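Number of protein chains: 2
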Amino acid sequence: MEPLARINRAIEASIDTVAGPSSPPKLTQAMRYAVFPGGARVRPRLCYAVAEACLDDRPEITDAAATAIELLHCASLVHDDLPCFDDADYRRGKPSVHKAFGEEIAVLAGDGLIVLAFETLSRSAGAHPARIVDLIGIVSRSVGAVHGITAGQAWESEAAIDLEVYQRAKTGALFAAATEAGAAAAGASSQSWRTLGEILGEAYQVADDLRDAVGDPYDLGKPIGRDEALDRPSAVRELGLFGAKARLKHKVAQAAASIPDCPGAEGLRASIHLEAGKFLPPEIQRLAA
Amino acid sequence: MEPLARINRAIEASIDTVAGPSSPPKLTQAMRYAVFPGGARVRPRLCYAVAEACLDDRPEITDAAATAIELLHCASLVHDDLPCFDDADYRRGKPSVHKAFGEEIAVLAGDGLIVLAFETLSRSAGAHPARIVDLIGIVSRSVGAVHGITAGQAWESEAAIDLEVYQRAKTGALFAAATEAGAAAAGASSQSWRTLGEILGEAYQVADDLRDAVGDPYDLGKPIGRDEALDRPSAVRELGLFGAKARLKHKVAQAAASIPDCPGAEGLRASIHLEAGKFLPPEIQRLAA
Chain P
72 MEPLARINRA IEASIDTVAG PSSPPKLTQA MRYAVFPGGA RVRPRLCYAV
122 AEACLDDRPE ITDAAATAIE LLHCASLVHD DLPCFDDADY RRGKPSVHKA
172 FGEEIAVLAG DGLIVLAFET LSRSAGAHPA RIVDLIGIVS RSVGAVHGIT
222 AGQAWESEAA IDLEVYQRAK TGALFAAATE AGAAAAGASS QSWRTLGEIL
272 GEAYQVADDL RDAVGDPYDL GKPIGRDEAL DRPSAVRELG LFGAKARLKH
322 KVAQAAASIP DCPGAEGLRA SIHLEAGKFL PPEIQRLAA
Chain S
72 MEPLARINRA IEASIDTVAG PSSPPKLTQA MRYAVFPGGA RVRPRLCYAV
122 AEACLDDRPE ITDAAATAIE LLHCASLVHD DLPCFDDADY RRGKPSVHKA
172 FGEEIAVLAG DGLIVLAFET LSRSAGAHPA RIVDLIGIVS RSVGAVHGIT
222 AGQAWESEAA IDLEVYQRAK TGALFAAATE AGAAAAGASS QSWRTLGEIL
272 GEAYQVADDL RDAVGDPYDL GKPIGRDEAL DRPSAVRELG LFGAKARLKH
322 KVAQAAASIP DCPGAEGLRA SIHLEAGKFL PPEIQRLAA
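Printed below as a string of structure tokens:
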């Protein structure tokens, strides 16, 4: 199955487990609204690509891992959009969850998605509970209070902040979890896959800065020019458009070179180059590097 | 070790894993503040009591299960206290987390505690990953969007609400998780332990209604008379003080009678009677039933 269809089907199955007639309807509607229609599903597709390079011998576990990662990503977006943080009215081209369902349900939808991520992993264990325990460790650290998304968001409330630490927690951690989890789901050792995810997280951050500078707000489903307006650090502000595009290219080459030995290394290398192209909107792809 | 000291030590060890120098300080301070000093730790002590009745052969797994349950309980209190829900200024006799640290950090502290609960379970697996997978299923369902705490809180946003369903999700689910998890942590079958937790959850709800009616706000660390003031349903409003106290006594007897066959059934029965007494403040214990 094509990876985007595969992840959407896996997420649908996960959400279906909570969206029955005995659940509070607004909450489960909001949880579904927060994950469908999705964005590019970059992280779960990365998880699949690594699992396939490691032979993906338990696809139901890989599905659970990829789903957990995407649910946690979406949960973080729901909470980040809340009035006390970004106070964002729109997300992916439609009203944010708290605008559509109210703040209470938005807080709870985020909580519910976090919990569902772990429940989904526990359901898929079958005869491989040790893989699930590994995956829960990987995934929980990537959203946790030390180096995970929760930590990343919390650094915004501190007076002194190390930009690299902040971006690694806020963006890099879930990319690193995607590669580690892809390997762990396929029964491979996850440790050596971390670097690939970290570098791709950095690449994605640069691409995000480029999109904010010159993307089409209609295609992106959110306003652009926010880094400049809010005086936020960005690769474009630091290096200029061409410099940022060159850094992205360099990161992608670095990522491809970091792939550990595995049966599908060649195919994975090719697909990383292909996928990285999709990070960027057409406006930027057309820019000569 | 005495159960209260045991759970506090286990929670301390869990919080210590996130409170290092590389974590965002406000977030981890707020997480610690949300769990220390604790309340009576009723749910984790119930988890221990059941595990001991089942011989508690892996105390480190029981510690992780009891800790996860208490972290999730505390996370729910932090989020429930937020301005968009109860807007509570005080909790356990001190300013609520959002009053002390701001709303952003309160949202993140709740998120961080949820994630830490699952991470703590994954860390304790050792040679028993299948027990951890069971525990993650039990614990995640008890705080999830169908019958768990998140569902319970979300029912408050619905126009039509079944009181029994609401209370079972909001209060009962975590008690049921405590008994199920105690059994699962000790390698026993958890299913037959659910009823005990559910009945104790109902008993606790009645005791909570009694505390709200006649407790000492100073001892409780929160205002009383809220059920009456907010026109909320309560066993005291339905049955009167004596009627509510009689229902509590009946629930405790029912609970004691529901204990499944296990090596420590006798001791557990005695401790349930003893513990249930502690549910109540002295004002109510003195009331003739």
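Those protein sequences? They're chains P and S, same order as listed. Count the first sequence with the working numbering and you get residues 72 to 360, in order. Count the second sequence with the working numbering and you get residues 72 to 360, in order. Ideal Cβ placement from N, Cα and C applies to all residues, glycine included. In this text the structure is predicted, and so the values were computed from the model without any measurement.
My guess is that residue i and residue j are in contact by the Cβ rule of under 8 angstroms, so how many angstroms apart are they, rounded?
i	j	result
I203 of chain P	A196 of chain P	4 angstroms
V277 of chain P	K322 of chain P	6 angstroms
Y161 of chain P	G292 of chain P	7 angstroms
Y104 of chain P	A171 of chain P	6 angstroms
Tell me the rounded alpha-carbon separation between residue i and residue j.
i	j	result
D127 of chain P	P95 of chain P	36 angstroms
A360 of chain S	H199 of chain S	Confidence is the limiting factor: at A360 of chain S the pLDDT is only 47, short of 50, which leaves the residue's position unreliable, though a coordinate-based value still follows. Computed Cα separation, rounded: 47 angstroms.
D298 of chain S	G183 of chain S	31 angstroms
R318 of chain P	L310 of chain P	9 angstroms
Y289 of chain P	G109 of chain P	15 angstroms
G268 of chain S	Q325 of chain S	11 angstroms
D151 of chain P	E227 of chain P	11 angstroms
A231 of chain S	R265 of chain S	27 angstroms
L142 of chain S	R112 of chain S	10 angstroms
I343 of chain P	Q224 of chain P	28 angstroms
P331 of chain S	A341 of chain S	14 angstroms
F189 of chain P	V106 of chain P	16 angstroms
T138 of chain S	K320 of chain S	29 angstroms
A244 of chain P	R116 of chain P	16 angstroms
V89 of chain S	L187 of chain P	22 angstroms
A255 of chain S	A122 of chain S	8 angstroms
A76 of chain P	G173 of chain P	30 angstroms
P92 of chain P	G164 of chain P	29 angstroms
I78 of chain S	M72 of chain S	10 angstroms
T133 of chain P	A201 of chain S	18 angstroms
R80 of chain P	Q356 of chain S	55 angstroms
D279 of chain P	F350 of chain P	8 angstroms
Y237 of chain S	R212 of chain S	15 angstroms
A120 of chain S	L339 of chain S	7 angstroms
T242 of chain S	P353 of chain P	52 angstroms
L153 of chain S	F156 of chain P	14 angstroms
E337 of chain P	P74 of chain P	18 angstroms
L312 of chain P	D233 of chain P	23 angstroms
D87 of chain S	E229 of chain P	20 angstroms
A240 of chain S	A315 of chain P	50 angstroms
E294 of chain S	Q100 of chain P	Note that residue 294 of chain S corresponds to Pro in the displayed sequence, not to Glu. Rounded to the nearest angstrom, the two C-alpha atoms are 34 angstroms apart.
D287 of chain P	M102 of chain P	27 angstroms
P166 of chain P	H144 of chain P	18 angstroms
P84 of chain S	E131 of chain S	As written in the sequence, residue 84 of chain S is Ala, which differs from the Pro given in the question. Approximately 11 angstroms, taken between the alpha carbons.
R129 of chain S	A259 of chain S	11 angstroms
R194 of chain P	L345 of chain S	37 angstroms
R308 of chain P	E235 of chain P	16 angstroms
D283 of chain S	G219 of chain P	39 angstroms
With a Cβ-Cβ cutoff of 8 angstroms, do residue i and residue j count as a contact?
i	j	result
L192 of chain P	V217 of chain P	no
A136 of chain P	A306 of chain P	no
V149 of chain S	G181 of chain S	yes
F57 of chain S	L271 of chain S	One cannot answer for residue 57 of chain S here, as it falls past the ends of chain S, which runs 72 to 360.
C125 of chain S	P304 of chain S	no
A249 of chain P	C118 of chain P	yes
I82 of chain P	R114 of chain P	no
A146 of chain P	I185 of chain P	yes
A257 of chain S	A347 of chain S	no
L98 of chain P	T221 of chain S	yes
V178 of chain P	V178 of chain S	yes
S261 of chain S	D205 of chain S	yes
Just grab the DSSP bridge partners of residue i for me.
i	result
P166 of chain S	S:Y161
Can you tell me whether residue i sits near the ligand COA, meaning its C-beta is under 7 angstroms from at least one heavy atom of the ligand?
i	result
G215 of chain P	Of ligands this structure carries none, so the ligand COA is not represented either.
Subject >> Length at least 4, wholly inside the stretch 281-357 of chain S: the alpha helix (DSSP H) runs in chain order >> reply: 288-291, 297-300, 306-328, 336-349, 353-356
Subject >> Minimum length 4: unbroken alpha helix (DSSP H) runs contained in the stretch 102-178 of chain S >> reply: 113-124, 130-151, 168-172
Original post:
What are the start and end residues of each continuous alpha helix (DSSP H) run of 4 or more residues lying completely inside the stretch 213-257 of chain S, in chain order?
Top reply: 220-226, 234-238, 244-256
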